[in-house]
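Letter by letter, the sequence shown follows residues 249 to 623 in the numbering used here.
Note that beta-carbon positions come from the ideal geometry of N, C-alpha and C, so glycine has one too.
For reference, the structure discussed in these notes is given below.
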Amino acid sequence: SLIIGRILDYVEWFNGSMCSDPTSPFAGYDLSMRDILSWVQFIVESRRATADTGVWDSFYHGACLMHLDGLGLGAGLAPEASADLKLKAERRLLDLIPDGKASNLHGIAEPFGTRDGKFGAFPYFISVGTSLTSGSTFDMTAPTTSLNVFRVLRAMQLKKPILLEGSPGVGKTSLVSALAAASGHKLVRINLSEQTDISDLMGSDLPVENSTANGPAFEWRDGILLTAIKEGNWVLLDELNLASQAVLEGLNSCLDHRASVYIPELGKSFDCPSSFRVFGAQNPLGQGGGRKGLPKSFLNRFTKVYVNALTDSDLRSIVTSRFDSLESDLVDRMINFNKDVHREVAELREYGSEGGPWEFNLRDVFRWSELLETC
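And the structure:
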């Protein structure tokens, strides 16, 4: 009863103090009954999965999962405003936790790894699949990367799809790919665009190669998403905010409580197995042309995670781990040069404005490093 009271206290404070002013940039971010239920469900599920997790730890992490991890995601909220709101919300959360009752709020206590058939780091783990691979080059030890992976693992404690948003090159796709590989799940990546049709995902009737003399024949062929559902694979819907409204509507039934898809041409429904997981990834609204804000009703189907940008320290750790033949001094100079070019072109707009916007990120450093290794 005390936990429930504190949850309601926080929701009342957030809606009343942060979102009540219609002129505020936070108007429309009110927490709803859906959010409260997600928070409570997370506390129950995390305590059931790991008995060592304190209830007040779950209280705090549930609030992060419920809305702080994805605050402003998909709505074009300025990063500074989002960071300010998150800081105030975290302070309020900590005020609601009794002294000495929480022990694992911010730190990751151990390296990511497999334990008792599950992958993760205390206190959040996911089941290991049957497609274990080795030799991943993704560095989970860099500070920001480690935090991003932890947030995704935390989000996976609920059986909801997960939406990741972050700047180009921050590692959204690589993060999900590495997590799938480390936990033994096959990942199917689907790159969406305005030209993507729902039949590309679910399937359609296609001409049969060996038609009879009576004329051309057609036969049903499963689309890439339907195949993934049947096989219980993970699916990454990349560039989600470039998809058409028709595609978004077609995805609804496998994202919500129904967890199934109905194919009219076959007259059959296909249930999504427990191993099937959906991840969405997208760049912020202002980064890249043709992007649109997703409907709030669609966004509510996801647990949202904002993927933090990599710092110079992260870049240094990732590059030296991936390209150990490069001297540390050379790596430092490459990272500093990349940072300077990004600031001058993308932020100060001193040159290179034609054909923009441009991004200079980890991808560019990787290409540069690969070229140096071949010399």
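Asked, Found
"Bridge partners - residue 510, DSSP secondary structure assignment", "517"
"CB contact flag (residue 450, residue 484, <9 Å)", "no"
"Per DSSP, cross-strand counterpart(s) of residue 527", "410 and 484"
"Cβ-Cβ separation, residue 372 to residue 341 (assumed contact under 8 Å), whole Å", "Residue 341 to residue 372, Cβ: 18 Å. No contact."
"Reduced DSSP category for residue 377 - H, G, I as helix; E, B as strand; rest coil", "coil"
"Contained alpha helix (DSSP H) runs [length at least 4] in the stretch 276–332, N- to C-terminal order", "281–297 and 303–311"
"Check whether residue 486 and residue 467 have beta carbons under 9 Å apart", "no"
"Pairwise C-alpha distance: residue 395 and residue 316", "14 Å"
"Assigned secondary structure, residue 364 (DSSP; H/G/I helix, E/B strand, else coil)", "coil"
"Euclidean distance between Cα positions of residue 347 and residue 305", "12 Å"
"Neighbourhood of residue 392 by C-beta, 7 Å cutoff - its chain only, sequence neighbours within 5 removed", "556, 558, 559 and 562"
"Per-residue burial, residue 326 [other beta carbons within 10 Å of its own, 16 or more giving buried]", "exposed"
"When 497, 344 and 390 are compared against residue 542, the one with the closest alpha-carbon", "497"
"Check whether residue 404 and residue 359 have beta carbons under 9 Å apart", "no"
"Neighbourhood of residue 261 by C-beta, 7 Å cutoff - its chain only, sequence neighbours within 5 removed", "340"
"As assigned by DSSP and simplified to three states, the class of residue 391", "helix"
"Own chain residues within Cβ distance below 7 Å of residue 516, not counting five before or after", "none"
"Neighbour-count burial assignment, residue 390, 16 or more Cβ in a 10 Å radius", "buried"
"Buried/exposed call for residue 526, threshold 16 Cβ in 10 Å", "buried"
"Beta-carbon proximity list for residue 588, same chain, < 7 Å, skipping 5 on both sides", "none"
"Per DSSP, cross-strand counterpart(s) of residue 438", "485"
"Helix, strand or coil at residue 369 [DSSP, three-state]", "strand"
"Proximity below 9 Å, CB of residue 432 to CB of residue 379", "yes"
"Close Cβ partners of residue 401 (< 6 Å) along its chain, the five nearest in sequence each way excluded", "368 and 372"
"Residue 507 Cβ short of 8 Å to the ligand FMN heavy atom set", "Looking at this structure, you won't find the ligand FMN or any other ligand, since it has none at all."
"Delimiting residues of the beta strand (DSSP E) encompassing residue 469", "466–470"
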